[in-house]
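S.K.:
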Amino acid sequence: MPTWTVLELLRKDPEAYRAVFKKRGMNESLLEEALKLDSLYLSKLKEIEALRSEHNKYSKLVREAKSQEEKTKYISIVRELASRIDEEEKKFQEIKNAWENILKKLPNILADDVPVGFSDEENVPVRGWGKAKVPSSKLKEFYEQTEKWGVRLDYEVIEKEPVPHADMLEYVLGMGDTQQAGKIASSRFYYLFDDLVWLDFALSLLALDMLARKGYRLVIPPYMIRTKVLESALDYDTFKDMIYKIEDEDLNLIGTAEHPILALLYDNPVREEDLPIKLAGWSACFRKEAGAGNRDLKGIFRVHQFHKVEQFVFAHPSDSWGFLEEMTRNTEEILQALELPYRVVKVVSGEIGLGVAKKYDVEVWYPSQGRFREIASISHLIDWQAFRGNLTFIRKSDGRREYVHTLNGTGLPTTRAITAILENHQQSDGAVYIPKALRKYLESIPSAPKDYIHPRKKSAFP
RNA sequence: GCCGGGGUCGCCCAGCCUGGUAGGGCGCCGGCCUGCUAAGCCGGUGGGGGAAACCCCGCGCGGGUUCAAAUCCCGCCCCCGGCGCCA
Numbered sequence: 001m002p003t004w005t006v007l008e009l010l011r012k013d014p015e016a017y018r019a020v021f022k023k024r025g026m027n028e029s030l031l032e033e034a035l036k037l038d039s040l041y042l043s044k045l046k047e048i049e050a051l052r053s054e055h056n057k058y059s060k061l062v063r064e065a066k067s068q069e070e071k072t073k074y075i076s077i078v079r080e081l082a083s084r085i086d087e088e089e090k091k092f093q094e095i096k097n098a099w100e101n102i103l104k105k106l107p108n109i110l111a112d113d114v115p116v117g118f119s120d121e122e123n124v125p126v127r128g129w130g131k132a133k134v135p136s137s138k139l140k141e142f143y144e145q146t147e148k149w150g151v152r153l154d155y156e157v158i159e160k161e162p163v164p165h166a167d168m169l170e171y172v173l174g175m176g177d178t179q180q181a182g183k184i185a186s187s188r189f190y191y192l193f194d195d196l197v198w199l200d201f202a203l204s205l206l207a208l209d210m211l212a213r214k215g216y217r218l219v220i221p222p223y224m225i226r227t228k229v230l231e232s233a234l235d236y237d238t239f240k241d242m243i244y245k246i247e248d249e250d251l252n253l254i255g256t257a258e259h260p261i262l263a264l265l266y267d268n269p270v271r272e273e274d275l276p277i278k279l280a281g282w283s284a285c286f287r288k289e290a291g292a293g294n295r296d297l298k299g300i301f302r303v304h305q306f307h308k309v310e311q312f313v314f315a316h317p318s319d320s321w322g323f324l325e326e327m328t329r330n331t332e333e334i335l336q337a338l339e340l341p342y343r344v345v346k347v348v349s350g351e352i353g354l355g356v357a358k359k360y361d362v363e364v365w366y367p368s369q370g371r372f373r374e375i376a377s378i379s380h381l382i383d384w385q386a387f388r389g390n391l392t393f394i395r396k397s398d399g400r401r402e403y404v405h406t407l408n409g410t411g412l413p414t415t416r417a418i419t420a421i422l423e424n425h426q427q428s429d430g431a432v433y434i435p436k437a438l439r440k441y442l443e444s445i446p447s448a449p450k451d452y453i454h455p456r457k458k459s460a461f462p
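This is the structure we're talking about:
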């Protein structure tokens with residue numbers, strides 16, 4: 001395999017790597033074990049190679065032997081060696097498996113400017129945008145999530161309590177049904193109706209169009225992938241309870257387009273001059289949301305199935321960092337087009353994810369909750385995923401392989417964007433304002449709403 | 001699902017029948033030569049270990065036979081063609 005940042009650091013500067021464990025709040029016994037296993041692996045590897053070398057030497061002599069007598073002699077030596085190699089290889093295979101397993105558990109390095117901390121509340125806001133509607137009862141909370149950190153957002157104090165998105169959806173607009181969906185599927189599923197269907201499409205179109213105009217290639221990926229491919233994308237042990245698996249087949253429903261897009265280069269090297277490869281994917285996403293408990297059970301904020309536009313970049317190691325900023329800006333521009341007030345936070349070392357070197361979350365203001373909620377997340381994985389999935393490019397100078405860098409980021413998750421719109425763009429008469437940037441995607445559709453989504457006239461069904 | 005053909009280095013292909021150092025072409029990189037954007041010639045171009053010499057591994061994946069497997073045998077995956085079935 002080409003040089004992997006993590007393995008290189010483990011071998012050349014274990015103490016620097018230990019600092020990563022400390023920052024992430026990880027148990028260092030994993031590091032000790034990795035160091036021990038790696039040196040055991042290397043010494044056993046050399047031992048076996050020496051034996052195999054002997055074996056090859058005598059095997060060659062068998063072929064070149066002049067007499068039958070000589071031949072018989074060499075064959076018996078080779079036989080002897082073969083059985084020793086067999087024995088040693090069994091032991092080595094165990095070591096190798098353990099070695100590979102532990103490599104897959106190792107955390108990525110961290111960027112120098114990742115804040116050290118172990119809870120979401122320590123995430124560091126870096127900037128904000130928009131004009132937030134803040135209920136007078138939530139002013140203190142708003143301050144604590146913005147100006148306290150030196151991040152300024154315009155705001156307007158509202159006296160009337162905002163309607164939570166779930167109530168907007170089901171009772172004010174009458175365009176969602178989570179009760180019946182719960183009955184026929186389970187909680188966290190939903191029916192969306194009428195104008196919200198158009199809104200869902202329009203949101204996808206807006207995000208795809210903005211990214212396509214920035215040079216991102218559009219893609220609809222497979223919605224199911226093999227387990228070993230998924231393992232290359234993430235720390236499978238941690239995530240396996242979150243993933244829907246197809247019965248009797250080695251297929252998993254994707255939780256995000258990130259994974260099948262990443263797999264475009266799975267065992268499929270590209271040429272150096274093809275980098276960077278920038279993609280904007282659209283897919284349905286399926287998530288068990290195990291461990292979410294009772295959080296966000298109402299409405300469609302946290303659901304098992306939704307549509308999402310995803311940004312993905314395969315980058316050259318020499319210039320990958322700029323894309324983290326570029327992709328974050330892209331997300332911000334989409335939210336600005338939707339006129340949604342948001343803040344960007346740098347995620348702390350303890351919450352960043354095993355494979356991630358640096359991550360920004362983008363959070364939209366929810367007036368009824370008095371807090372910013374995550375709508376997007378942009379991560380730089382360096383060569384962590386590339387190592388697992390063997391994602392390489394062929395160096396032009398010498399034809400050798402090198403790992404690509406991968407970055408992924410939310411473009412726009414549509415159902416969550418709908419909740420943000422229902423919260424931020426609700427009017428006193430129950431209608432919902434449609435941001436101007438979305439309108440051109442609705443204009444060509446005669447039955448679609450154009451400037452406002454109005455509550456549905458009551459009828460018996462649903 | 002059945003029958004047949006196929007999967008070999010970034011791409012195209014040979015080698016398989018008859019087991020014994022994986023070869024050619026294209027592309028790319030470097031060098032040489034010739035002064036002219038060309039052609040020609042030489043070398044390099046899968047992975048690992050090693051300071052290096054060099055050694056080990058690698059022919060879709062996994063097993064087996066053998067002193068020795070790209071090559072023979074078994075299972076699986078994928079691609080192409082034909083047949084069947086079909087929202």
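Just so you know, we're using our numbering here: the first sequence kicks off at 1 and counts up by one.
We put the CB at the ideal spot given by N, CA and C, even for glycine.
1. Applying the criterion that 16 or more other CB atoms from any shown protein chain within 10 Å of the CB defines a buried residue, is Gly-399 buried or exposed?
2. In terms of alpha-carbon separation, which member of Phe-314, Gly-353, Thr-227 lies closest to Asp-270?
3. Verify whether the separation of the beta carbon atoms of Thr-146 and Asp-383 is less than 7 Å.
4. According to DSSP, simplified to helix, strand and coil, what is Tyr-41?
5. What are the uninterrupted segments assigned as alpha helix (DSSP H) that are 4 or more residues long and contained completely in the region 138-183, given in chain order?
6. Have a look at Arg-24 and Lys-358 and give me their C-alpha separation to the nearest angstrom.
7. So, with DSSP's three-state summary, where would you put Lys-396?
8. What span of residues does the beta strand (DSSP E) with Asn-408 cover, start to end?
9. Please identify the residue among Glu-70, Asp-361, Ile-352 whose C-alpha is closest to the C-alpha of Arg-343.
10. Could you tell me the alpha carbon to alpha carbon distance between Ala-233 and Leu-192, rounded to whole angstroms?
11. Please determine, among His-454, Ser-76, Ser-428, the residue with the shortest C-alpha to C-alpha distance to Tyr-58.
12. Take the Cβ of Asp-120 as the centre, count every other Cβ of all protein chains shown within 10 Å, and call the residue buried at 16 or more, exposed below.
13. Measure the CB-CB distance between Ala-244 and Leu-253 and report whether it falls below 7 Å.
14. Which one of Lys-131, Val-303, Leu-230, Glu-258 has the shortest CA to CA distance from Gly-182?
15. Can you find the residues in the same chain that come closer than 6 Å, C-beta to C-beta, to Trp-365, ignoring five residues on each side of it along the sequence?
16. For Asn-101 and Val-114, I'd like the C-alpha separation in whole angstroms.
17. Taking the beta carbon of Ser-428 as the centre, do at least 16 other beta carbons fall within 10 Å, making it buried, or is it exposed?
18. Looking only at its chain, what residues have a beta carbon closer than 8 Å to the beta carbon of Pro-2, apart from the 5 residues adjacent to it on each side?
19. Taking only the alpha-carbon atoms, compute the straight-line gap between Ser-349 and Gly-411 and give it to the nearest angstrom.
20. Go through its chain and collect everything with a Cβ distance to Thr-419's Cβ below 7 Å, but skip five positions before and after it.
21. Taking 8 Å as the threshold, find out whether the region 439-455 comes into contact with the region 329-340 through three or more Cβ pairs.
22. Helix, strand or coil: how does DSSP classify Ala-384 here?
23. For Leu-338, which of helix, strand or coil comes out of DSSP?
24. According to DSSP, is Leu-7 part of a helix, a strand, or is it coil?
25. What residues in its chain sit with their C-beta under 6 Å from that of Leu-81, if we drop five residues either side in the sequence?
26. Take every Cβ of the region 122-132, pair it with every Cβ of the region 148-156, and state whether three or more of those distances are shorter than 8 Å.
27. Check this for me: beta carbons of Ser-379 and Val-309, under 7 Å apart or not?
28. What three-state label does DSSP hand Arg-84 in the structure shown?
29. Which residue's Cα is closest to the Cα of Phe-118: Ser-29, Lys-36, Gln-426, Gly-353?
30. Given this structure, state the Cα-to-Cα distance separating Ser-283 from Ala-263, to the nearest angstrom.
31. Which residues does DSSP list as the beta-bridge partners of Tyr-441?
32. Is it buried or exposed for Ile-261, if we count other Cβ within 10 angstroms and need 16 for buried?
33. Mind checking whether Glu-289 and Arg-416 have CB atoms under 7 Å apart?
34. Quick one: what does DSSP say Tyr-74 is sitting in, helix, strand or coil?
35. So, at 6 Å on beta carbons, what are the nonlocal neighbours of Asp-250 in its own chain, with the 5 sequence-adjacent residues on each side left out?
36. Starting from Val-197, follow the alpha helix (DSSP H) in both directions and report where the run begins and ends.
M.R.: Quick answer:
1. Mapped onto the first sequence, residue 399 falls at position 399. That one is exposed.
2. The residue you call residue 270 lines up with position 270 of the first sequence. Strictly speaking, residue 270 in this sequence is Val, with Asp absent from that position. When only C-alpha atoms are compared, the closest one is Phe-314.
3. Counting from 1 along the first sequence, the entry for residue 146 is found at position 146. Counting from 1 along the first sequence, the entry for residue 383 is found at position 383. No, the pair does not count as a contact, with Cβ atoms beyond the cut-off.
4. Within the first sequence, numbered from 1, the residue matching residue 41 stands at position 41. Of the three classes helix, strand and coil, the one that applies to Tyr-41 here is helix, per DSSP.
5. 139-145
6. On the first sequence, residue 24 is found 24 positions in, with the first residue counted as 1. On the first sequence, residue 358 is found 358 positions in, with the first residue counted as 1. Answer to the nearest angstrom: the Cα atoms are 12 Å apart.
7. Counted from its first residue, the first sequence places residue 396 at position 396. Reduced to three states, the DSSP call for Lys-396 is coil.
8. Position 408 of the first sequence holds residue 408. Element bounds for Asn-408: 405-413.
9. Counting from one through the first sequence, the residue named residue 343 turns up at place 343. The residue with the shortest Cα to Cα distance from Arg-343 is Asp-361.
10. Counted from its first residue, the first sequence places residue 233 at position 233. Counted from its first residue, the first sequence places residue 192 at position 192. Ala-233 and Leu-192: Cα-Cα distance of roughly 31 Å.
11. Stepping through the first sequence from its first residue, residue 58 is reached at position 58. Checking every option, the nearest Cα to that of Tyr-58 belongs to Ser-76.
12. Indexing the first sequence from 1 puts residue 120 at position 120. With fewer than 16 other Cβ atoms within 10 Å, it is exposed.
13. If you number the first sequence from 1, residue 244 lands on position 244. If you number the first sequence from 1, residue 253 lands on position 253. A quick correction: the sequence has Tyr, not Ala, at residue 244. Yes.
14. Here the question's residue 182 lines up with position 182 in the first sequence. Measuring from the Cα of Gly-182, the nearest candidate turns out to be Val-303.
15. Translated into the one-based positions of the first sequence, residue 365 becomes position 365. Taken in chain order, the residues that qualify are Ala-132, Pro-341, Phe-372.
16. Here residue 101 refers to the residue found at position 101 when the first sequence is read from its first residue. Here residue 114 refers to the residue found at position 114 when the first sequence is read from its first residue. Inter-residue distance for Asn-101 and Val-114 is about 27 Å (C-alpha atoms, whole angstroms).
17. By one-based count along the first sequence, residue 428 stands at place 428. With fewer than 16 Cβ atoms within 10 Å of its Cβ, Ser-428 is classed as exposed.
18. To locate residue 2, count along the first sequence from 1; it is residue 2. So the qualifying residues of the chain are Thr-392, Arg-400, Arg-401, Glu-402, Tyr-403.
19. In the first sequence, residue 349 corresponds to position 349, counting from 1. In the first sequence, residue 411 corresponds to position 411, counting from 1. Computed Cα separation, rounded: 23 Å.
20. In the first sequence, residue 419 corresponds to position 419, counting from 1. For Thr-419, where only same-chain residues beyond five positions count, the Cβ hits under 7 Å are His-165, Gly-299, Ile-300, Phe-301.
21. Between the region 439-455 and the region 329-340 there are fewer than three inter-stretch CB-CB distances shorter than 8 Å, so the stretches are not counted as touching.
22. Within the first sequence, residue 384 is the residue found at index 384, counting from 1. Looking at the sequence itself, residue 384 is Trp, so the reference to Ala does not match. Three-state DSSP puts Trp-384 in a helix.
23. Numbered from 1 along the first sequence, position 338 holds the residue referred to as residue 338. Coil.
24. Along the first sequence, one-based indexing puts residue 7 at 7. Leu-7: helix per DSSP, three-state reduction.
25. Indexing the first sequence from 1 puts residue 81 at position 81. Excluding sequence neighbours, Leu-81 sits near Glu-54, His-55.
26. Counting Cβ pairs under 8 Å, three or more are found: they touch.
27. Residue 379 sits at position 379 when you count from the first residue of the first sequence. Residue 309 sits at position 309 when you count from the first residue of the first sequence. No, Cβ-Cβ distance for Ser-379 and Val-309 is not below 7 Å.
28. For this step, residue 84 is matched to residue 84 along the first sequence. It is helical.
29. Locating residue 118 in the first sequence gives position 118, counting from the first residue. Selected option, being the one with the closest Cα: Gly-353.
30. Looking up residue 283 in the first sequence gives position 283. Looking up residue 263 in the first sequence gives position 263. Going from the Cα of Ser-283 to the Cα of Ala-263 covers about 15 Å.
31. Here residue 441 corresponds to residue number 441 of the first sequence, with the count starting at 1. DSSP, once it has assigned bridges, lists no residue as partnering Tyr-441.
32. Walking along the first sequence from the start, residue 261 turns up at place 261. Classification of Ile-261: buried, given that the 10 Å Cβ count is 16 or more.
33. The residue given as residue 289 occupies position 289 in the first sequence. The residue given as residue 416 occupies position 416 in the first sequence. Not in contact: Glu-289 and Arg-416 (Cβ atoms no closer than 7 Å).
34. The sequence position of residue 74 within the first sequence is 74, counting from 1. Tyr-74 falls in the helix class under three-state DSSP.
35. What you label residue 250 is simply residue 250 of the first sequence in a count that begins at 1. Cβ within range, chain order: Arg-226, Thr-227.
36. Taking the first sequence and counting its residues from 1, one reaches residue 197 at position 197. First-last of the alpha helix (DSSP H) with Val-197: 194-213.
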